[in-house]
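Numbering-wise (this note's numbering), the sequence shown opens with residue 876 and increments by one.
We treat Cβ as the ideally placed atom computed from N, Cα and C, and that holds for glycine.
Keep in mind the model is a prediction, meaning the values are calculated, not measured.
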Amino acid sequence: MNRNELRKADINLMVVFEALMLERNVTRVAEKLFLGQPTISSALNRLRAMFNDPLFIRVGHRMEPTARAEQIIQHLSPALDALSSALSLTHDFDPASSTMTFRIGLSDDVEFGLLPPLLRALRQEAPQVVVVVQHVDYWRIPDLLASGDITVGISQTRGLPANAKRKLLRHIQPSVLRADASDTPLTLDEYCARPHVLVSHTANVAGFADEWLAEIGRTRQVVLSVPQYSSLPALLAGTDMLASLPDYAAAAMAASGQLFVEPYPFKTPTLDLSMVWLSHVDSDPAERWLRSRLEAFMGERAPIAQF
């Protein structure tokens, strides 16, 4: 391998190239890298000269990569990951004095039920850090990690990229939330007969509970579908509607004393809540500290949010 070739390379150009492969749009790359659009266009021209290839062909509003660009990124992304990991070893992390910005992805139930205790701890341990939260689900996490919009995500997970790492935080026990108190447990017949609120980020009117009911030959009636859990307390108040949600989110909502949590009146599978990140930030001191805090305050023994 001729290391002298590396002297011709500019790492900033490589970062621009990777961003172009992810975004396929000069304007979005400029916004993501906090650079002007002319700077990105100039970098692209230099990349084309360096690799002796157009690299990207404009198709409508998108920049579609050439075959050469697809080949390059297969070698470049692992190299940038390794370089990022190496550079992370050159600095320590002091949470008490850090002013870093951490970008994390949380599903809506995690944000409501598990984020408040974490933030209270961070205000004590790292009062100057900034936390930026993006809503995620198992479909969005891989893309947001790959684009660098988040460095760690917490949700139920599926279909992770090959360079992703995953740590199980807790087993999710599905629970039922209601606004009317009862001295007797909810029966299966009552559960099926009462109206339901479904939380769906994709505007569906059927969810996991409907699949589980179908397995035992039963159905329920969903009368309302909403995109986020945080609206449930106001929506359930004064009604006979039921809502299904993870145990930690249900417990946080019931802490006010206005709502009540019950177990499902039939057997349900146990779901998993996991933390995922990409291998290139695995050894970064700041990211390792952040993941340790996420595990401590969102793991199995984490405190539940109180309102």
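- At which residue ranges does the stretch 985 to 1035 contain complete alpha helix (DSSP H) runs of 4 or more residues, listed in the order of the chain? 990 to 1000, 1016 to 1022
- Query: Name the DSSP bridge partner or partners of Gly-980?
  - Reply: Gln-1009, Gly-1028
- Give the secondary structure of Met-975 by DSSP, where H, G and I count as helix, E and B as strand, and everything else as coil. coil
- Message: According to DSSP, is Ser-952 part of a helix, a strand, or is it coil?
- Response: helix
- In angstroms, rounded to a whole number, what distance separates the CA positions of Gly-1092 and Ala-1081? 15 Å
- Cα separation between Asp-1024 and Pro-970? 22 Å
- Buried versus exposed, by CB contacts within 10 Å (16 or more), Met-1173: buried
- Item | Local Cβ density within 10 Å of Arg-933, reported as buried at 16 or more and exposed below that | exposed
- Message: Using CA atoms only, rank isn't needed, just tell me which of Pro-953, Leu-1044, Leu-958 is closest to Arg-1176.
- Response: Leu-1044
- Task: Flag this pair as touching only if the stretch 896 to 915 and the stretch 924 to 941 have three or more C-beta atom pairs under 8 Å; answer yes or no.
- Result: yes
- Message: Using the three-state DSSP reduction, which class does Arg-1168 fall into: helix, strand or coil?
- Response: helix
- Query: Could you give the uninterrupted runs of the alpha helix (DSSP H) lying entirely in the stretch 1047 to 1115, keeping only those of 4 residues or more?
  - Reply: 1063 to 1068, 1083 to 1090, 1107 to 1111
- Query: If you compare alpha carbons, which of Arg-943, Ala-942, Ala-1125, Leu-958 is closest to Val-890?
  - Reply: Leu-958
- For Tyr-1104 and Asp-984, the rounded distance between their alpha carbons: 6 Å
- Query: Residues in its own chain within less than 7 Å of Arg-923 by CB, not counting five upstream and five downstream?
  - Reply: Pro-929, Leu-930
- Item | Alpha-carbon to alpha-carbon, His-1155 and Glu-945 | 20 Å
- Query: Which residues in the same chain as Thr-1114 place their Cβ atom closer than 7 Å to its Cβ, once the five residues preceding and following it in sequence are excluded?
  - Reply: Ala-1054
- Message: Under DSSP, the alpha helix (DSSP H) around Pro-913 begins and ends at which residues?
- Response: 912 to 926
- Straight-line gap, Leu-1073 to Leu-1134 (C-alpha atoms, nearest Å): 16 Å
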